[in-house]
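> Using my numbering, you'd call the opening residue of the sequence shown number 19 and step up by one each time.
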Amino acid sequence: MATEPAAHSAPSLRRDRQHAMYQRALKSLPGGTDSNFRAWGDSTIYVDRGKGGLVWDIDGNEYVDLRMGYGPVILGHGDARVDDYVNERMRQGVSFSLTSEDEVRAMELVKELTGWVDMARMTVSGTEATMHAMRVARAYTGREKIVKFEGQYHGVHDYALISVAPDNMAELGSEDAPTALAWGRGIPGAVADTIIPARYNRIERLRRLFEERGHEIAAVIVEPVLGNAQGIMPRPGFHKEMRALTEEFGILLIFDEVKTGFRFARGGAAEYFGITPDLATFAKAMGNGYPAAAFGGRAEIMAMLPDKVSHGGTYAGNRVAAAAAVATLQIIRDTNALETIHATGRTIQDGLKEILDPVGIPYRFTGHPSMFGIMFREEEATEYRDWATTDHELYDAIAVGMHARGAMPEPDSREPWFMCEAHADADIIDRVLTAFSESVDAALEARAHGGVHVTPHGGMAAPGGD
Ligand SMILES: Cc1ncc(COP(=O)(O)O)c(C=O)c1O
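So this is what it looks like as structure tokens:
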């Protein structure tokens, strides 16, 4: 990827302290950071603080935060309603490896908000939630294979890192016979062999797969929308047909609601699409940024715990996470936070439309107003492979341009923009639209002068990649 700055007279960000921090961090943290997804080379951002919908880096640059920590911060940074409750509860001690009422209340709220989860357990991360849901499904069915869709991200355990986010679609294998592509080294072949990759939105192919191998398949795990590929949506009826098909073949349906849960609707994407899965995983929005996560589902399946399936964790249900989940889920249940978030997303989309329509570049909004992507492509995308045919170089240039103009989307088109309650402020919306408009002009001008140049490569950078 090119590293020259855009030709347009882009305002520049202060970077002195971050450059120094990057050099310092490189000596202690591989890539200068704790996650490959934040390893943006010399453009790595070092954060100072956040408040509401805003975030400041250590050089004092202020941005409207459109990443919101990859989705968890649903209300806003430093939300006093959540933080005060967490602070009050944590003064009683945080980690006992004993069970507190906070945990019980948190899982009662998960049940109440979803309306279909009978039993649930807390984990610390979405990764652990999907790992345990997959294990429970294998144990319950006595089958070993899990179907996962290309371009879907379910965390960083070995079983999840298959066919996730290559830049080159050829690596996924042929359209008729997708191959299990491990993301990075170190994933045992025997583990990869338990995952059967499939193409999203292709119900007939799924039927053929079930007819051939249904007896081996424990579960289908699905992000209800491709939340890690611009929020590509299901075709009308896809989820209902997949639900019927899984039932027909005795295969469990796991909704990975780590991004969509308590965001698309109080009952998550299951409520939004009118589906009752067998199991689901939750994280992100359930704790407004605190490390709260859970997996849960039908009583009969969750009854595999505690005797037949292993699940544990020193920090599972720790006081901080459980209290954060209680406070956040109560706010989602009792206030119109979600309605506000959805309305804000629609207002921003209307503004983006006003900017983009006169420019004449083909584009599509993907996803849900609370979590949407902007895809530069004529036709609606229906699966991950379509991402390759979008003008994502243009998108990335616009996203990077927005950073310099005080708004921070992920500088990788695969990651959607995340709305939080605090974004509803008119000034924030205005700043996002102004930054976007100027960045579109700058990127198109740069392109007219010989190319779009992008500085950082963010988001789903391959381990060890650029
Ligand atoms: C759909 C989905 N599942 C699982 C995960 C993993 O969650 P965590 O990062 O908390 O391990 C993510 C993270 O982005 C996700 O988007």
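For glycine and all other residues, C-beta sits at the position ideal for the given N, C-alpha and C. Being a predicted model, the structure only gives us computed values, none of them experimental.
Please report the residue range of the beta strand (DSSP E) in which I392 lies.
Walking along the sequence shown from the start, residue 392 turns up at place 374. Start and end: 389-393.
> Determine the contact status of A341 and D120, defining contact as a CB-CB distance below 7 Å.
The residue labelled residue 341 in the question sits at position 323 within the sequence shown. The residue labelled residue 120 in the question sits at position 102 within the sequence shown. Result yes, Cβ atoms of A341 and D120 sit closer than 7 Å.
> Using 6 Å as the cut-off, classify the Cβ of K277 as near or not near the heavy atoms of ligand 1, replying yes or no.
In the sequence shown, residue 277 corresponds to position 259, counting from 1. Yes, ligand 1 has a heavy atom inside 6 Å of this Cβ.
> To the nearest angstrom, how far is it from the Cα of D211 to the Cα of A198?
Counted from its first residue, the sequence shown places residue 211 at position 193. Counted from its first residue, the sequence shown places residue 198 at position 180. Rounded to whole angstroms, D211 to A198 spans 7 Å at the Cα level.
> Inspect the CB distances between the region 138-148 and the region 310-324 and report whether three or more fall short of 8 Å.
Counting Cβ pairs under 8 Å, three or more are found: they touch.
> Determine whether the beta carbon atoms of A237 and L270 lie at a separation below 7 Å.
Indexing the sequence shown from 1 puts residue 237 at position 219. Indexing the sequence shown from 1 puts residue 270 at position 252. Cβ distance < 7 Å, so A237 and L270 count as in contact.
> What are the partner residues of I239, as DSSP defines its beta bridges?
Translated into the one-based positions of the sequence shown, residue 239 becomes position 221. Answer is K166, I272, bridged to I239.
> Quick check on the burial criterion: 16 or more other C-beta atoms within 10 angstroms. Buried or exposed for P434?
Counted from its first residue, the sequence shown places residue 434 at position 416. Buried, by the Cβ-count rule.
> Applying the criterion that 16 or more other CB atoms from any shown protein chain within 10 Å of the CB defines a buried residue, is A38 buried or exposed?
For the purposes of this step, residue 38 is taken as the residue at position 20 of the sequence shown. Burial call: exposed.
> Taking the Cβ atom as the reference point for each residue, do E241 and D194 lie within a distance shorter than 7 Å?
As a working mapping, residue 241 is identified with position 223 in the sequence shown. As a working mapping, residue 194 is identified with position 176 in the sequence shown. Not in contact: E241 and D194 (Cβ atoms no closer than 7 Å).
> Is the closest heavy atom of ligand 1 to the C-beta of D176 under 6 Å?
Mapped onto the sequence shown, residue 176 falls at position 158. Incorrect: D176 has no Cβ contact closer than 6 Å to ligand 1.
> State yes or no: is the C-beta of F280 within less than 7 Å of the C-beta of I350?
Locating residue 280 in the sequence shown gives position 262, where the first residue counts as 1. Locating residue 350 in the sequence shown gives position 332, where the first residue counts as 1. It is a contact, given that the beta carbons lie within the stated cut-off.
> Should E229 be listed as close to ligand 1, given that the test is whether its C-beta is under 6 Å from any heavy atom?
One-based indexing of the sequence shown puts residue 229 at position 211. False, no ligand heavy atom lies under 6 Å from that Cβ.
> What do you reckon, is the C-beta of H37 under 6 Å from a heavy atom of ligand 1?
As a first step, residue 37 must be located in the sequence shown, where it is residue number 19. Not under cutoff, so the answer is no.
> Which of the three DSSP states is assigned to G483 in this structure?
Residue mapping note: residue 483 aligns to position 465 of the sequence shown, counting from 1. Its pLDDT being 30, under 50, G483 is placed unreliably in this model, and the value from its coordinates should be taken loosely. Correct three-state label for G483: coil.
> Please work out which residues of its chain come closer than 6 Å, Cβ to Cβ, to G307, disregarding the five sequence neighbours upstream and downstream, and give them in chain order.
Start at 1 with the first residue of the sequence shown, and residue 307 comes out as number 289. Same-chain partners within the cutoff: G87, P90, V91.
> My guess is that E401 and G78 are in contact by the Cβ rule of under 8 Å, so how many angstroms apart are they, rounded?
Within the sequence shown, the letter at position 383 stands for residue 401. Within the sequence shown, the letter at position 60 stands for residue 78. Going by Cβ atoms, the distance from E401 to G78 rounds to 42 Å, so no, they are not a contact pair.
> Is the beta carbon of S143 within less than 6 Å of some heavy atom of ligand 1?
Residue numbering aside, residue 143 sits at position 125 when the sequence shown is read from its first letter. It does: the Cβ of S143 is within 6 Å (strictly closer) of some heavy atom of ligand 1.
> Ignore the nearest five residues each way along the sequence and tell me which others in L347's own chain have a CB closer than 8 Å to its CB.
Sequence index remark: in the sequence shown, residue 347 carries index 329 (1-based). Taken in chain order, the residues that qualify are A124, L127, V128, L131, F280, M304.
> On the DSSP bridge list, what partners appear for I499?
Because the chain is modelled from 19 through 484, residue 499 falls outside the range shown and cannot be assessed.
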